[in-house]
Structure formats: C-alpha cells, structure tokens
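**Student:**
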Amino acid sequence: MSAVQETFISHLVELRDRLLRAMLAVLVVFLCLMPWAGDVYDLLALPMMQTLPEGTHMIATGVITPFFVPVKVTMMAAFVIALPVVLYQAWAFVAPGLYAHERRLGLPLVLGSTILFVLGMAFCYFFVFGTVFKFIAEFAPKSITPAPDIEQYLSFVMTMFIAFGLTFEVPVAVILLAKTGVVSVAKLAAARPYVIVGAFVVAAVITPPDVVSQLLLAIPMCLLYEVGVIIARLLVKDRPDGGDEALERIENN
Numbered sequence: 001m002s003a004v005q006e007t008f009i010s011h012l013v014e015l016r017d018r019l020l021r022a023m024l025a026v027l028v029v030f031l032c033l034m035p036w037a038g039d040v041y042d043l044l045a046l047p048m049m050q051t052l053p054e055g056t057h058m059i060a061t062g063v064i065t066p067f068f069v070p071v072k073v074t075m076m077a078a079f080v081i082a083l084p085v086v087l088y089q090a091w092a093f094v095a096p097g098l099y100a101h102e103r104r105l106g107l108p109l110v111l112g113s114t115i116l117f118v119l120g121m122a123f124c125y126f127f128v129f130g131t132v133f134k135f136i137a138e139f140a141p142k143s144i145t146p147a148p149d150i151e152q153y154l155s156f157v158m159t160m161f162i163a164f165g166l167t168f169e170v171p172v173a174v175i176l177l178a179k180t181g182v183v184s185v186a187k188l189a190a191a192r193p194y195v196i197v198g199a200f201v202v203a204a205v206i207t208p209p210d211v212v213s214q215l216l217l218a219i220p221m222c223l224l225y226e227v228g229v230i231i232a233r234l235l236v237k238d239r240p241d242g243g244d245e246a247l248e249r250i251e252n253n
C-alpha cells in the first residue's frame with residue numbers, strides 16, 4: 001500500500017471518529033432531554049400559545065404525531081446544545097491541514113458564524129414569532145377560532161429558524177469576501193442598493209405572505225450587511241483592483 005493510500009485511509013478513519021464523537025455528543029444530550037420532550041415542545045410553542053384565545057389549544061391530526069413532533073423538537077434542541085462539540089470535532093479534523101494564517105482566520109469565522117446563527121434563532125424566537133403571531137391573530141376574523149396543527153407549526157418554526165440564522169451570517173460572508181480579496185470593500189458598499197432589493201425578494205420568498213414577517217427578515221438582513229461592510233472596512237485594506245487580482249490568481253491556479 002502506497003503512502004498516499006495510507007494517508008487517505010487515515011484521514012477517513014479520523015473523519016469517522018470525529019463524526020462518531022459529534023453524533024455521540026448529540027445523542028447524550030438528546031437522551032438527557034427526552035424525559036422532558038413535552039416540556040421542550042411547550043417551550044417552543046409558547047410564542048404561539050400566548051397569542052391564541054384563552055382555552056384554545058394546538059391540534060395533532062396524525063395518530064403518532066403527538067409523540068414524534070416533540071421528539072423532533074428535542075433532537076433539534078440537543079443538536080443546538082451540543083453544537084460546540086460538533087464544531088470542535090469539525091475544526092479538529094480540518095485545522096491540521098491549514099496554514100497558520102488560515103487557522104487564524106478560520107477559528108474566529110467558525111466561532112463568529114456559530115454565535116450569529118444562534119443569535120438569529122434567538123431573535124426569531126423572542127421577537128419575530130410574537131410579533132408575527134400577534135399580527136395574524138389581530139387580523140383574523142372574529143368568526144374563526146385558530147387551532148394550529150403541531151406538525152405544520154414545527155415546519156414553520158424550522159423554516160423561520162433557518163432563515164433568520166442564515167440572515168445573521170451576512171456579516172461573516174461580507175467579511176470573508178473582503179478578507180480574501182474576492183471583492184473590494186468599495187464594491188461591497190456600491191452593491192448596497194442591489195442587496196436591499198435582494199433582501200426583500202428573499203424575504204418575500206422565504207417568509208409567510210404577510211408584510212410583518214417579510215420586513216422583520218429583510219430589514220435585519222440589510223442592517224447586518226451594512227455592519228459587515230463597516231467591519232470589513234476596519235479589518236481589510238481596500239484594494240483598488242476590487243479583488244480582480246485575487247480572482248485571477250484563483251483562476252490561474
């Protein structure tokens with residue numbers, strides 16, 4: 001067996017071990033939370049329950065839905081709680097193959113993107129859900145008694161969590177583009193009008209068809225883009241070539 005094959009197999013073995021450790025961390029947290037799976041779902045459903053008429057409850061249309069939906073929510077919570085361990089395993093696998101300057105850039109990006117994603121989920125849970133659900137409840141006709149299905153609610157919540165988590169990653173993407181020299185800070189600032197239009201288009205596609213949720217996604221996206229440009233301007237010496245030289249190096253390689 002050649003040295004290249006041995007190295008490749010050793011990398012596969014290490015990748016397997018890292019994946020198993022990450023999965024084990026999620027599984028341990030999941031098993032610890034399982035006795036309180038119902039409470040975990042109640043916590044997730046709290047923003048909706050606070051806007052429903054008194055005495056109204058959610059419904060479950062499936063036979064096994066009352067069991068599987070709380071289990072799915074608990075698994076999601078376990079993954080979020082175990083995320084530091086998962087990210088550490090990913091970083092420990094990738095870091096030995098990086099140069100010193102890449103490790104200095106990569107670790108803050110991983111930590112920053114993780115924190116921002118969790119902040120996006122927290123912003124969605126503590127502010128967006130309450131605002132959107134209250135708006136919908138006030139807009140609904142008095143002759144209608146809302147009774148949301150728990151499976152549809154979970155699907156809605158997951159979509160919103162992912163949308164707002166990715167929205168809060170905008171500063172990281174902007175800084176990375178500027179730091180690697182792909183795009184200059186000047187060009188990022190000049191693209192502001194297109195970003196604003198794109199933010200509202202994305203919000204209209206992802207969020208429910210109401211103005212409130214679309215604004216609550218589009219406005220933070222625009223603001224976070226501006227924050228990313230400001231930080232990039234502080235960290236990166238702007239290039240007059242707008243990153244064209246960096247792109248040429250990438251194409252030549």
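Residue numbers (full-length UniProt numbering): 1 to 253. Beta carbons are placed, not taken as given, at the ideal position from N, Cα and C, and that holds for glycine. Note that the structure is predicted; figures quoted are calculated from it, not measured.
(1) Would you tell me roughly how many angstroms separate the C-alpha atoms of phenylalanine 164 and valine 13, rounded to the nearest one?
(2) When you compare only the Cα positions, how much space is there between residue 254 and proline 193?
(3) Are the segment 26-38 and the segment 111-122 touching by the rule of at least three beta carbon pairs closer than 8 Å?
(4) In the DSSP assignment, find the alpha helix (DSSP H) that holds lysine 179 and state where it starts and stops.
(5) Please report the Cβ distance between residue 276 and threonine 56, rounded to the nearest whole angstrom; I am assuming they are in contact, meaning their Cβ atoms lie under 8 Å.
(6) Are the beta-carbon atoms belonging to phenylalanine 30 and alanine 78 less than 7 Å from one another?
(7) Could you please give me the residues that DSSP links to isoleucine 59 through a beta bridge?
(8) Isoleucine 219: which of Ile230, Arg233, Leu83 and Val202 sits nearest, CA to CA?
(9) What separation, rounded to the nearest whole angstrom, lies between the Cα atoms of leucine 46 and proline 96?
(10) For the ligand MG, I want to know if proline 171 counts as a neighbour, meaning its beta carbon is within less than 6 Å of at least one of the ligand's heavy atoms.
(11) Cα separation between alanine 186 and threonine 159?
(12) Given this structure, state the Cα-to-Cα distance separating leucine 154 from valine 128, to the nearest angstrom.
(13) What separation, rounded to the nearest whole angstrom, lies between the Cα atoms of leucine 234 and phenylalanine 168?
(14) Let me make sure I understand the geometry here. Which of Phe161, Lys142 and Arg18 has the alpha-carbon closest to that of valine 94?
(15) Would you mind stating whether residue 265 and alanine 173 have Cβ atoms separated by less than 7 Å?
**Tutor:** Let me lay it out:
(1) When rounded, the distance between both Cα atoms is 35 Å.
(2) Beyond the ends of the chain as shown, which are 1 and 253, falls residue 254; an answer cannot be given.
(3) no
(4) Unbroken alpha helix (DSSP H) run through lysine 179: 170-179.
(5) Missing from the structure shown is residue 276; the chain here goes from 1 to 253 and no further.
(6) A contact, by the Cβ cut-off of 7 Å.
(7) Asp149
(8) Val202
(9) 44 Å
(10) Judged by which ligands are present, the structure shown has none, so any question about the ligand MG falls away.
(11) Alanine 186 and threonine 159 have their C-alpha atoms spaced approximately 33 Å apart.
(12) About 15 Å.
(13) 19 Å
(14) Arg18
(15) Given a span of 1 to 253 for the chain in the structure shown, any question on residue 265 remains unanswerable.
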